[in-house]
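Notes to accompany the following structure.
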Amino acid sequence: MRPLVLTIVVFIAGYITARFSLITQAIDLGYFAWDHGVLGRATKGFLILSLFFFLFFIPIERIASREIGLGEFLLMGSNGLMRVFWPLDFQRNSRPGILVGWRNSELDIFVVDILNGVDGRRIAEELSSRSLYRKSLHSVERIFELCGRTELHVLGSVNEEPGPLFQPDHIYAFTDKSCRYPQIFCPPASGIDFQVILFQRPHPRRMQYLSLTPISLALEDRMTNGSIGDGDDTIEEQRERERKAELVEKLKLHSVVRPTPTMKEKSLQMIIDQVNCSHEMRQLLKENVRLIMSRRSRRSLSVSERVVESATSLWRIVLKGLMDTAKFLWPFATKLFVLMILIWRLVAETLLRVLEWRLRPELAALKDISATAQQFDIRLQQFCYWPIQYVTLRRRKADWESVTTSHPDYIRFYNSLWLVANDVIIGIALGSYIIENASGVAYQIDYYLRAYTVEGMKAMISWLMERPGGLKLNDDLGNFLGDLFLWVIDYWADTMTNIRPHLPGVIYAIGFSSFAGASMPIALFSDLLSILTLHVYSFYIASARIYNWQLTIIISLFHLFRGKKRNVLRNRIDSCDYDLDQLLIGTILFTLLIFLLPTVLVFYLTFASARMAIIMLKAALETLLACLNHFPLFALMLRVKDSKRLPGGIRFELLDTVAVVKGFKRTYGVPPLSYINLKSTPLPFGAMFHQYFQLGQRIRKHYVSPHVILCLMTGRFVPPIHRKNLYSMQYSMLPTKRAGMLELWIRLTEDQPGNGAALAN
Amino acid sequence: MFVTSPKLRVRSPSPTTVEFTVTTAPSHLLTRQVVTWSTVLLRLLACSSGVLLVLLKYYPPQTFTLSAHVHAYIHLLLQSISVLSTRIPWQYLLPGAAAALYIAVFAPGYTEESLLVIRDLGVQISTTTWGGRRSRFIPTNAVRDLWIHEGFCGFEVRFYLAVVVEGEEGVVVVFPTLLPNRRILELVWRGAKGCLYEPRRVGR
Chain A
28 MRPLVLTIVV FIAGYITARF SLITQAIDLG YFAWDHGVLG RATKGFLILS LFFFLFFIPI
88 ERIASREIGL GEFLLMGSNG LMRVFWPLDF QRNSRPGILV GWRNSELDIF VVDILNGVDG
148 RRIAEELSSR SLYRKSLHSV ERIFELCGRT ELHVLGSVNE EPGPLFQPDH IYAFTDKSCR
208 YPQIFCPPAS GIDFQVILFQ RPHPRRMQYL SLTPISLALE DRMTNGSIGD GDDTIEEQRE
268 RERKAELVEK LKLHSVVRPT PTMKEKSLQM IIDQVNCSHE MRQLLKENVR LIMSRRSRRS
328 LSVSERVVES ATSLWRIVLK GLMDTAKFLW PFATKLFVLM ILIWRLVAET LLRVLEWRLR
388 PELAALKDIS ATAQQFDIRL QQFCYWPIQY VTLRRRKADW ESVTTSHPDY IRFYNSLWLV
448 ANDVIIGIAL GSYIIENASG VAYQIDYYLR AYTVEGMKAM ISWLMERPGG LKLNDDLGNF
508 LGDLFLWVID YWADTMTNIR PHLPGVIYAI GFSSFAGASM PIALFSDLLS ILTLHVYSFY
568 IASARIYNWQ LTIIISLFHL FRGKKRNVLR NRIDSCDYDL DQLLIGTILF TLLIFLLPTV
628 LVFYLTFASA RMAIIMLKAA LETLLACLNH FPLFALMLRV KDSKRLPGGI RFELLDTVAV
688 VKGFKRTYGV PPLSYINLKS TPLPFGAMFH QYFQLGQRIR KHYVSPHVIL CLMTGRFVPP
748 IHRKNLYSMQ YSMLPTKRAG MLELWIRLTE DQPGNGAALA N
Chain C
30 MFVTSPKLRV RSPSPTTVEF TVTTAPSHLL TRQVVTWSTV LLRLLACSSG VLLVLLKYYP
90 PQTFTLSAHV HAYIHLLLQS ISVLSTRIPW QYLLPGAAAA LYIAVFAPGY TEESLLVIRD
150 LGVQISTTTW GGRRSRFIPT NAVRDLWIHE GFCGFEVRFY LAVVVEGEEG VVVVFPTLLP
210 NRRILELVWR GAKGCLYEPR RVGR
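Heads up: the protein sequence lines correspond to chains A and C, in order. Quick note on numbering: the working numbering labels position 134 of the first sequence as 161, and the sequence is numbered without any gaps. Quick note on numbering: the working numbering labels position 118 of the second sequence as 147, and the sequence is numbered without any gaps.
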């Protein structure tokens, strides 16, 4: 290309030089123009034109472009996306009717019901004069407030001949018996996208509802406490949380532009509420429309009808008398009941105070030591919480059933009731077995305890005293330690022999306690186990101490052996010049202790593993207790029976538009159209057992940590897991702070008129 | 069993609603049906043969009498299985049966993962496997961003499409098990971004 351009340029230059006269003529023309003032006039003209341009054309262009932009915006506003929420249980027939529902915005409508055989204009009038909400049980304002709108609208008509143009404020829809989905009239020329979102109405009476967030089975205040959390191993969690928060802050820097959310996007929660309310709203509309439409003329009754009437009225009189007596007695009965509850609450309060009492703040309370006390504590707290829960649930009756805030409370309340009932039933079965076979059970328990904790221990110690498994231990030290432990075991066995005659009695008592629930004998058995294996615990402590001392002595002697010494003040190892005799003695002692270590180690290992086995057994019993006390039984049953009552979020399903459109009877042009099914996802099983997983993780984190393993290996005291962490699940169904007597009294007595009113209704 | 490499399928009945599906199922409908039913059949076969072998080893057919209505073929079948089970010693039979059960339950069938974008509502991520369907819906005002990033996955680096959710610590990975390649991801990203938000208004 370039050579060609070059050639042309060279050619032109050559041509001009050859025809020099052309240039001279041009210069002559310039002189002529200058002489006659052409240049000045041209400049003037240019200036005037520029002035015009700057003064008029640019502003006009700006205004015009903005107008065009506005026009475009308006165009997009009107020709944008239209969203229709449509319940799936509409009547599939081809009768004409009108659509009534919420108008969330111009292009966002929510159909509550189709009213057949009524006049659209009249319904619109009735709706605006609010005479359609007359027969409502509860305040209509409340449901309007829930739905976030002030009134219902007539949205359009069904199965009527549409006009030529599409109007978003009055849509035309068609339904037919053979077609599952509604057809909406909208000529493609209007340029509107349609989203038809179909939903199955949740039934409020069956307590079904939709929710954006999964239902929480644990109490709210408990959960927030847990997330803030303090305890020994939550420091790590805290740090992790801070690190993550920092990362999230960084993440925010990544997204540069974020469109401002539109009204439709923000209204999702409101729409979910409207879906939840739609069933009751529809009931209300139906009832009122029926009232308006039925103008039945009253005719006089026939003789037989009169007879029936009088008979029923006699029955009514009897019923009324009964009701009056009941109404007269009712306040006394409730007063008595409230009084009983309060007395019971007083007893519970005293017992709870005793269980929580600590000698000094840093010491453990009774409920921290004993599983039985813990069990008592849980039951008492539950008894204290039930009246309040019940009152809260009762208050639900005074409101629309679509209000879904108390559904988790309902599940929690009945879950705990059911668990207690189950517990008692299992307890009665277990208790009657134990009572009938008290001596047999006592004999079995005694036999196993003796076989494992006395005879087994004795055999083990004797085996350790004489070269276990060919391991050459120090005979003298082994004999000494073994004799010591055997002596204690013998003493313990003697005491046990004294206790043995009373064991059937104890078992009998345990059997009786199980009428209060199967968790009681389990807790008692757990306590009994810790008492009857006290000697194993003491052996473990003693051997651990000996082992630990020996290990620390060996370590410090090892430093001496190397000519070093531990500086406690600076917490480091310094070199040190020992005397010869110090070194000699130290080295001799070091060798001695090193050779004696295996003997002590085998004893420590034996008792530590025995202790571990007992801890495992107790952990199994605790797990059983946790299952009996806090298993989400009711929630599981609901999940199987009716999973819509346990919403875990919502889900959309895109339907095949081609297949849907194929079913339509009318042949109008079809705009870009999508049919979407809105469904509720049930709560996943993982979320139900979330707390169990959390507890398991915490226990694993605590006991499989390097620190604890090191403690176990060096014979130091293994720190127990913080009780608060262990029982965070246990109390997740109960409030942190139980309501006082006064609060209970106020809550119970303010409920009284409500009760009376409910009965009067 | 019988899966293909991940393929993208886009369904968009209107410009405001798009569903992107990445699937390892055969694309042809008939093949898909055949494959589905044959895998179910294989699973059933593995399951039943494992259980039957153990049961017939434990209770040989001599110990129970079948009623006369039972078809002769079934009796013959039971006989032959029990002959087989008597030949295999317990220490091979039990782990073998356990393995068959495990395979029958946990062997992966085809996986289908989808991203449904609905303007003004939000995005929904779902994974359908043999075990069932998991889905999560994120409303638009909770969606902070949608991006493609790369991350370690075993010993390789994979691109992934993720939804950044407002106020959440982790990002939500779209197509988490299949992790399709970058070409597919870019297509999905463009489509989803275009569909999720309204087009930029002129003159503003």
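Quick reminder that beta carbons are idealized off the backbone N, C-alpha and C, glycines included.
Short Cβ contact (8 angstroms threshold) for residue i with residue j
i, j, result
"A/Ser541", "A/Ile461", "yes"
"A/Leu237", "A/Pro699", "no"
"A/Asn575", "A/Gly742", "yes"
"A/Tyr869", "A/Gly183", "The question about residue 869 of chain A has no answer here: the residues shown for chain A are numbered 28 through 788."
"A/Ala714", "A/Pro241", "yes"
"A/Gly613", "A/Phe588", "yes"
"A/Asp220", "C/Pro168", "no"
"A/Val181", "A/Ile150", "yes"
"A/Ala550", "A/Gln409", "no"
"A/Glu178", "A/Leu142", "no"
"A/Asn449", "A/Leu652", "no"
"C/Pro89", "C/Ser111", "yes"
"A/Val145", "A/Leu126", "no"
"A/Cys206", "A/Phe691", "yes"
Between the CA atoms of residue j and residue i - distance to the nearest angstrom
i, j, result
"A/Tyr474", "A/Tyr535", "17 angstroms"
"A/Lys224", "A/Leu705", "A small fix is needed here, since residue 224 of chain A is Ile in this sequence, not Lys. About 6 angstroms."
"A/Ser602", "A/Ile582", "15 angstroms"
"A/Asp503", "A/Gly509", "10 angstroms"
"C/Val69", "C/Val217", "32 angstroms"
"A/Val37", "A/Arg46", "14 angstroms"
"A/Asn506", "A/Gln609", "30 angstroms"
"A/Gln721", "A/Phe658", "14 angstroms"
"C/Phe204", "C/Ile213", "11 angstroms"
"A/Leu786", "A/Arg672", "Bear in mind that a pLDDT of 38 at A/Leu786, under 50, signals an unreliable position, so the number given afterwards is only what the model happens to contain. So the two alpha carbons sit approximately 28 angstroms from each other."
"A/Thr251", "A/Leu457", "Its pLDDT being 47, under 50, A/Thr251 is placed unreliably in this model, and the coordinates cannot settle the point."
"C/Ile177", "C/Glu215", "8 angstroms"
"C/Arg40", "C/Tyr226", "18 angstroms"
"A/Ser670", "A/Pro709", "5 angstroms"
"A/Glu264", "A/Lys394", "27 angstroms"
"A/Gly109", "A/Arg727", "Note that residue 109 of chain A is Met in the sequence shown, not Gly. One C-alpha to the other measures close to 53 angstroms."
"A/Ile736", "A/Ile573", "18 angstroms"
"C/Ser143", "A/Asp683", "15 angstroms"
"A/Leu382", "A/Arg372", "15 angstroms"
"A/Arg161", "A/Arg119", "28 angstroms"
Nearest to residue i (by Cα), restricted to the options the options
i, options, result
"A/Tyr441", "A/Ile90, A/Thr419, A/Arg285", "A/Thr419"
"A/Leu528", "A/Ile472, A/Lys485, A/Ala550, A/Met487", "For the sequence presented, residue 528 of chain A should be read as Pro rather than Leu. For the residues A/Ile472, A/Lys485, A/Ala550, A/Met487, the minimum Cα distance to A/Pro528 belongs to A/Ile472."
"A/Gly190", "A/Cys206, A/Phe212, A/Tyr412, A/Gly590", "A/Phe212"
"A/Ile130", "A/Leu616, A/Pro195, A/Pro495", "Before going further, note that residue 130 of chain A is Arg rather than Ile in the sequence given. Residue A/Pro195 is the option with its Cα nearest to A/Arg130."
"A/Lys291", "A/Glu383, A/Leu179, A/Glu133", "A/Glu133"
"A/Leu244", "A/Arg666, A/Glu178, A/Ile726", "A/Arg666"
"A/Thr293", "C/Arg165, C/Ala171, C/Val134", "According to the sequence provided, residue 293 of chain A is Lys. The question's Thr does not apply to it. Measuring from the Cα of A/Lys293, the nearest candidate turns out to be C/Ala171."
"A/Ile773", "A/Ile368, A/Leu164, A/Lys204", "A/Ile368"
"A/Leu3", "A/Pro625, A/Leu555, A/Leu511", "Outside the displayed span of chain A (28 to 788) sits residue 3 of chain A, for which this structure offers no information."
"A/Ser489", "A/Tyr470, A/Ala360, A/Trp514", "A/Trp514"
"A/His281", "C/Glu195, C/Pro209, C/Arg211", "C/Glu195"
"C/Ala183", "C/Leu208, C/Val192, C/Arg163", "Before going further, note that residue 183 of chain C is Gly rather than Ala in the sequence given. Out of C/Leu208, C/Val192, C/Arg163, C/Leu208 has the C-alpha closest to the C-alpha of C/Gly183."
Runs of alpha helix (DSSP H) lying entirely within the region 70 to 134 of chain C, each at least 4 residues, in chain order: With a minimum length of 4 residues, the unbroken runs of alpha helix (DSSP H) contained wholly in the region 70 to 134 of chain C fall at 101 to 116.
Residues of the region 278 to 296 of chain A whose Cβ lies closer than 8 angstroms to any Cβ of chain C, in chain order: Leu278, Lys279, His281, Ser282, Arg285, Pro286, Pro288, Thr289, Lys291, Glu292, Lys293, Leu295
4-residue-minimum alpha helix (DSSP H) runs that sit fully inside the region 539 to 597 of chain A, ordered along the chain: 546 to 559, 561 to 588
Members of the region 39 to 50 of chain C that neighbour chain A once the beta carbon cut-off is set at 7 angstroms: Under the 7 angstroms Cβ criterion, the region 39 to 50 of chain C contributes Arg40, Pro42, Ser43, Pro44, Thr45, Thr46, Glu48.
Near-chain C residues of the region 213 to 246 of chain A - C-beta to any C-beta below 9 angstroms: Residues Asp220, Phe221, Gln222, Ile224, Leu239.
Residues, ordered as in the chain, of the region 130 to 156 of chain A that lie near chain C by beta-carbon distance below 7 angstroms: none
Selection of the region 657 to 677 of chain A by Cβ proximity to chain C, strictly under 8 angstroms: Gly676, Ile677
Against chain A: residues of the region 166 to 195 of chain C by CB proximity under 8 angstroms: Phe166, Pro168, Thr169, Asn170, Arg173, Asp174, Trp176, Val193
Members of the region 701 to 720 of chain A near chain C, C-beta cut-off 7 angstroms: When CB distances to chain C are screened at a threshold of 7 angstroms, the residues of the region 701 to 720 of chain A falling below it are Ser701, Ile703, Thr708, in chain order.
Interface positions of the region 140 to 153 of chain C facing chain A (Cβ-Cβ less than 7 angstroms), listed along the chain: Leu145, Ile147, Arg148, Asp149, Leu150, Gln153
Residues, ordered as in the chain, of the region 619 to 631 of chain A that lie near chain C by beta-carbon distance below 9 angstroms: none
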